[in-house]
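This report refers to the structure that appears directly beneath it.
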Amino acid sequence: MSGTVLVTSRSFGSGGLDLERRISDAGFHVVRAGAAHELDELGPVLGDAVGWIAGTGPVTERHLSLAPHLRVVARYGVGYDKVDVDAAARRGIVVTNTPGANTSAVAEHTVALLLAALRGIPAADRRVRRGDWSAWYTREVSALTVGVVGLGRIGRSVIDRLAGFGPRVLGADPWVPADDPLFDRLERSDADAFATECDVVTLHAPGGQTVVDERWLAASDRPVLLVNTARADLIDEAAVAAALRRGRVLAYAADTLATENHGEGASPLLADDLADRVIVTPHLAAQTREGVDGMGGMATENLLAVLSGEPPVNPVPVP
Numbered sequence: 270m271s272g273t274v275l276v277t278s279r280s281f282g283s284g285g286l287d288l289e290r291r292i293s294d295a296g297f298h299v300v301r302a303g304a305a306h307e308l309d310e311l312g313p314v315l316g317d318a319v320g321w322i323a324g325t326g327p328v329t330e331r332h333l334s335l336a337p338h339l340r341v342v343a344r345y346g347v348g349y350d351k352v353d354v355d356a357a358a359r360r361g362i363v364v365t366n367t368p369g370a371n372t373s374a375v376a377e378h379t380v381a382l383l384l385a386a387l388r389g390i391p392a393a394d395r396r397v398r399r400g401d402w403s404a405w406y407t408r409e410v411s412a413l414t415v416g417v418v419g420l421g422r423i424g425r426s427v428i429d430r431l432a433g434f435g436p437r438v439l440g441a442d443p444w445v446p447a448d449d450p451l452f453d454r455l456e457r458s459d460a461d462a463f464a465t466e467c468d469v470v471t472l473h474a475p476g477g478q479t480v481v482d483e484r485w486l487a488a489s490d491r492p493v494l495l496v497n498t499a500r501a502d503l504i505d506e507a508a509v510a511a512a513l514r515r516g517r518v519l520a521y522a523a524d525t526l527a528t529e530n531h532g533e534g535a536s537p538l539l540a541d542d543l544a545d546r547v548i549v550t551p552h553l554a555a556q557t558r559e560g561v562d563g564m565g566g567m568a569t570e571n572l573l574a575v576l577s578g579e580p581p582v583n584p585v586p587v588p
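Here the sequence shown is numbered in my numbering, starting from 270 and rising by one per residue.
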């Protein structure tokens, strides 16, 4: 086997596994490029690539049209909403992902963001550094109602971790049947109802939809804390920023923004006047040693399987 394998994930191989060596030992030349997937940068590499370990950037028909030898796009992570799976299928390109590899990492980060936002920890730290030791009261998780949008692996893992705090938990996912055993330990609801029932809403649904928008926020009857470790487009950022200023949103904690990797204007959520109530991390929820090794190992196995003519363990279904 021979050819070029393009790697555009920032953290691929940064854990305990020497994944580039595994690919090189299989006879391939590894080339790394930026996570934003800019066509000007990737074009020359895609012309020779037979495999692509893709990060969070888009994989469009234009990208694929520049890659006549490409046989596999191995997504480093579970989400593949930014990959044009139809276009790949038309070209005979297999798309894979890494389900479950980062579940624990993302679930832990979700709970960390929830607690940090609820208790105002980053804002408190900044105040102390200015010599301000004034305090304010917050809430306890056990006294709250938490709504979980998306009941896949990560959503369920978040629910498991919240159980120790003892809140009332509601779950919303139209793809999960009502007789799923999960609903023996939480209440089934829908995302619209969360506006009037929940103190905290945490988002774990696929991208391509907006859950929290002006309509949802207008229906909300209490200050709500929003957590998003899934996809930026699940919320209307401008609407949430405005709701933060009105006091309709208590705090927003996220691991992604709509401007991520694009170099565009700053998100309205990064305005200085919102700094005490907005927490954003740079898409690092999955970046634990265990999560990085899990995603990287699975992506590598999927890629090498396809390039050796074998079926991958984790193919993405063609719509």
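We treat Cβ as the ideally placed atom computed from N, Cα and C, and that holds for glycine.
TODO: Pull up the distance between the alpha-carbon of His338 and that of Asp317, whole angstroms please.
DONE: Roughly 7 Å separates the two Cα atoms.
TODO: From the DSSP output, in three-state form, read off Asn638 for me.
DONE: Here the chain comprises residues numbered 270 to 588, so residue 638 is not present and cannot be evaluated.
Task: Under the three-state DSSP convention, the category His552 falls into - done: Three-state result, His552: coil.
Task: Proximity winner among Gly284, Gly282 and Thr277, relative to Leu315 (alpha-carbon distances) - done: Closest option to Leu315, Cα to Cα, is Thr277.
- [ ] Return the CA-CA distance between Asp502 and Asp401, expressed in angstroms with no decimal places.
- [x] Distance between the alpha carbons of Asp502 and Asp401 is about 36 Å.
- [ ] Could you pull the start and end residues of the beta strand (DSSP E) that Trp321 belongs to?
- [x] Where Trp321 is concerned, the enclosing beta strand (DSSP E) stretches over Ala318 to Ala323.
TODO: Could you check which residue in Val587, Leu572 and Asn583 has the C-alpha nearest to that of Arg340?
DONE: Comparing Cα-Cα distances from Arg340 to each of Val587, Leu572 and Asn583, the minimum goes to Leu572.
Task: In DSSP terms, what His473 is bridged to - done: Answer is none; His473 lacks a bridge partner.
Open item on the list: Short of 7 Å in beta carbon distance, which residues of its chain neighbour Pro436, apart from the five on each side in sequence? Order them along the chain.
Closed with: Closer than 7 Å at Cβ, skipping near neighbours: Val410, Ser411, Leu413, Thr414 and Val415.
TODO: Could you check what DSSP says for Pro313 in three-state terms: helix, strand or coil?
DONE: Helix at Pro313.
- [ ] Can you have a look at Arg500 and say buried or exposed, based on whether 16 or more other CB atoms are within 10 angstroms of its CB?
- [x] Counting other Cβ atoms within 10 Å of its Cβ, Arg500 reaches 16 or more and is therefore classed as buried.
- [ ] Note the first and the last residue of the continuous beta strand (DSSP E) segment covering Leu306.
- [x] The sequence shown places His at residue 306, rather than the Leu named in the question. Note, His306: premise wrong, no beta strand (DSSP E); not H, not E.
TODO: Reducing DSSP to helix, strand and coil, say where Thr557 ends up.
DONE: Three-state DSSP puts Thr557 in coil, outside helix and strand.
TODO: Report the rounded CA-to-CA distance for Pro581 versus Val417, giving the unit in angstroms.
DONE: Distance between the alpha carbons of Pro581 and Val417: 31 Å.
Task: Presumed contact (8 Å Cβ cut-off) between Ala510 and Leu382, rounded CB distance - done: Between the beta-carbon of Ala510 and that of Leu382 there is about 18 Å, and that puts the pair past the 8 Å contact cut.
Task: Cβ-Cβ distance between Ser489 and Arg515 below 8 Å - done: Taking 8 Å as the Cβ cut-off, Ser489 and Arg515 do not qualify as a contacting pair.
Open item on the list: Checking 8 Å against the spacing of the C-beta atoms, do Arg408 and Leu431 come in under that value?
Closed with: Not in contact: Arg408 and Leu431 (Cβ atoms no closer than 8 Å).
- [ ] Buried or exposed for Tyr406, please, with buried defined as at least 16 other CB atoms from any protein chain shown within 10 angstroms of its CB.
- [x] By the neighbour-count rule (16 or more Cβ atoms within 10 Å), Tyr406 is not buried but exposed.
Open item on the list: Just to confirm, is the Cβ distance from Ala555 to Gly346 under 8 Å?
Closed with: Yes, these two residues count as a Cβ contact at 8 Å.
TODO: Use the C-beta contact count for Pro537: other C-beta atoms within 10 angstroms, 16 or more gives buried, fewer gives exposed.
DONE: By the 10 Å Cβ count, Pro537 comes out buried.
- [ ] Compute the Euclidean distance between the alpha carbons of Gly369 and Arg425, then round it to the nearest angstrom.
- [x] The straight-line gap from Cα to Cα measures roughly 11 Å.
Task: Residues near Asp353 in its chain [Cβ-Cβ closer than 6 Å; skip 5 each side] - done: Excluding its 5 nearest sequence neighbours in each direction, Asp353 has C-beta neighbours in its own chain below 6 Å: Thr329 and Glu330, listed in chain order.
TODO: Kindly confirm or deny that the region 546 to 561 and the region 356 to 364 touch, where touching means at least three C-beta pairs closer than 8 Å.
DONE: With the cut-off at 8 Å, the region 546 to 561 and the region 356 to 364 do not touch.
Task: 8 Å Cβ cutoff met for Asn366 and Gly563 - done: No, Cβ-Cβ distance for Asn366 and Gly563 is not below 8 Å.
Open item on the list: Using the three-state DSSP reduction, which class does Thr329 fall into: helix, strand or coil?
Closed with: Note: Thr329 maps to coil in three-state DSSP.
Task: Buried or exposed (CB count within 10 angstroms, at least 16 for buried), Glu529 - done: Burial of Glu529 is indicated by the presence of at least 16 other C-beta atoms within 10 angstroms of its C-beta.
Open item on the list: Tell me the DSSP secondary structure of His338 in three-state form.
Closed with: Looking at His338 - three-state DSSP - the assignment turns out to be coil, as it is neither helix nor strand.
Open item on the list: Assuming contact is defined by CB atoms lying nearer than 8 Å, are Tyr349 and Val585 in contact in what I supplied?
Closed with: Cβ distance < 8 Å, so Tyr349 and Val585 count as in contact.
TODO: Would you check if the distance between the CB atom of Leu513 and the CB atom of Leu543 is smaller than 8 Å?
DONE: It is a contact, given that the beta carbons lie within the stated cut-off.
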